[in-house]
Amino acid sequence: MLIVMDKKASPKQIQQVVEAIESKGYMARPIPGGDRVSIGILNNKGPVDSGLFISLPGVKEAICVTRPYKLVSREIKPDHTLIKVGAVTIGNGHLTIMAGPCAIESESQAMTIAEKVKASGAHIFRGGAYKPRTSPYTFQGMGLDGLKILAKIRDTFDMPVITEVMDNETFDLVETYADIVQIGTRNMQNFSLLKRAGKSKRPVMLKRGMSATLEELLMAAEYILEAGNSNVILCERGVRTFVRHSRNTLDLSVVPVIHKESHLPVIIDPSHAAGKRDQVIPLSRASVAVGAHGLMVEVHHDPQNAMSDGAQSLLPEQFDQLVKEAQSLFKIVRPR
Ligand code: PEP
Ligand code: MN
3 MLIVMDKKAS PKQIQQVVEA IESKGYMARP IPGGDRVSIG ILNNKGPVDS
53 GLFISLPGVK EAICVTRPYK LVSREIKPDH TLIKVGAVTI GNGHLTIMAG
103 PCAIESESQA MTIAEKVKAS GAHIFRGGAY KPRTSPYTFQ GMGLDGLKIL
153 AKIRDTFDMP VITEVMDNET FDLVETYADI VQIGTRNMQN FSLLKRAGKS
203 KRPVMLKRGM SATLEELLMA AEYILEAGNS NVILCERGVR TFVRHSRNTL
253 DLSVVPVIHK ESHLPVIIDP SHAAGKRDQV IPLSRASVAV GAHGLMVEVH
303 HDPQNAMSDG AQSLLPEQFD QLVKEAQSLF KIVRPR
């Protein structure tokens, strides 16, 4: 249930409603909106009696939340969530481009790519320091040394950085270096990691599990918001299907549904969906057209020798073309 306060409700009236909710054994979560505050009622095991709260001073109405997810839902928060990372804003009205190699391989590799993607108009640099690899015998990432290279890129190119956190053990370290913490497809339902992410001061980009439904993605995001972190970005990166012509199938249809169901921004990663370089630009165009708030794209200056995901990494000049096309399409589409 959502208690919507009058526009003119005082902080004292809001506090009284919070206390009334808590006195019934529920959890109260005030949600500031554009011109009024709403208070979500959480932790109720069954239906809540709206009559308990509707007559309190400053209360406008009580709305029954029909979805299993609450804090991520538009029912609870009709306004779009905008996420600020340094000078970059992610969300409605912005097309944010994140780019960089799959993995940080060396300082010179990362700096070379960062310089190029920055010059082409990327807003945020991506690169994995801890890599979730299918085989334990392949490159696992540079770890702390990779995080330090990311910090150098932030300082040199004045670009926020995003990198993946794989487990609770390294969370403290990763969030010290990252401007945005990424939770990968394989960890979308790692609930202890989601709860830890909910305690982080950093925005979190949550990638859709490769066989997760939209409801499962939103419920996973709900864990992060419920634990206290409302700066969550959703990411569609392709789901596993029967096809052989691409690594995964990019589920573009999820974007308009996310806009309807949730106030959180949604970024599309066409690189891991495609698995092949030649599909990345067409899929990026489609992503912008369907209303994504941004793209995450893998770029490598020497993809033949990349230590991971070279086949799907764009060459810098292709990335340059992608940014131009994406930004001009965005001017036409202006998604919600
Ligand atoms: C990545 O972005 O580097 C990555 C491993 O992506 P995913 O979790 O979507 O496979
Ligand atoms: Mn990759």
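Okay, so the sequence shown: first residue is 3 according to the working numbering, each after it adds one.
For glycine and all other residues, C-beta sits at the position ideal for the given N, C-alpha and C.
Alpha helix (DSSP H) segment containing residue i, residue limits
i, result
"residue 227", "216-228"
"residue 184", "Careful: residue 184 lies outside any alpha helix (DSSP H), inside the beta strand (DSSP E) at 182-185."
"residue 200", "193-200"
"residue 29", "No alpha helix (DSSP H) holds residue 29; the beta strand (DSSP E) holding it covers 29-34."
"residue 40", "Where residue 40 is concerned, there is no enclosing alpha helix (DSSP H), although the beta strand (DSSP E) it sits in stretches over 39-44."
Residue i - containing beta strand (DSSP E), residue span
i, result
"residue 78", "Where residue 78 is concerned, there is no enclosing beta strand (DSSP E), given that its DSSP letter is neither H nor E."
"residue 114", "Where residue 114 is concerned, there is no enclosing beta strand (DSSP E), although the alpha helix (DSSP H) it sits in stretches over 109-122."
"residue 128", "126-128"
"residue 326", "It is not in any beta strand (DSSP E) - residue 326 instead sits in the alpha helix (DSSP H) that spans 318-335."
"residue 86", "85-87"
C-beta atoms of residue i and residue j nearer than 8 Å
i, j, result
"residue 302", "residue 115", "yes"
"residue 177", "residue 132", "no"
"residue 44", "residue 19", "no"
"residue 161", "residue 120", "yes"
"residue 185", "residue 209", "yes"
"residue 134", "residue 315", "no"
"residue 78", "residue 90", "no"
"residue 230", "residue 201", "yes"
"residue 290", "residue 149", "no"
"residue 73", "residue 22", "no"
"residue 182", "residue 126", "yes"
"residue 234", "residue 258", "no"
"residue 221", "residue 71", "yes"
Residues bridged to residue i [DSSP beta-bridge criterion]
i, result
"residue 264", "75"
"residue 98", "296"
"residue 7", "61"
"residue 176", "Answer is none; residue 176 lacks a bridge partner."
"residue 166", "184"
"residue 254", "In DSSP, residue 254 forms no bridge with anything."
"residue 152", "DSSP output for residue 152 lists no bridge partner at all."
"residue 209", "237"
"residue 91", "86"
Cβ-heavy atom distance, residue i to the ligand ADP, below 7 Å
i, result
"residue 187", "In terms of ligand content, the structure shown lacks the ligand ADP and carries the ligand PEP and the ligand MN instead."
Among the options, nearest to residue i - alpha-carbon criterion
i, options, result
"residue 248", "274, 269, 270 and 224", "274"
"residue 35", "5, 105, 319 and 53", "5"
"residue 9", "17, 76 and 40", "40"
"residue 332", "317, 296, 312 and 321", "296"
Evaluate contact between the region 233-248 and the region 209-220, counting only Cβ atoms and requiring at least three cross-stretch pairs below 8 Å. Taking one beta carbon from each stretch, the region 233-248 and the region 209-220 have 3 or more pairs nearer than 8 Å; the two touch.
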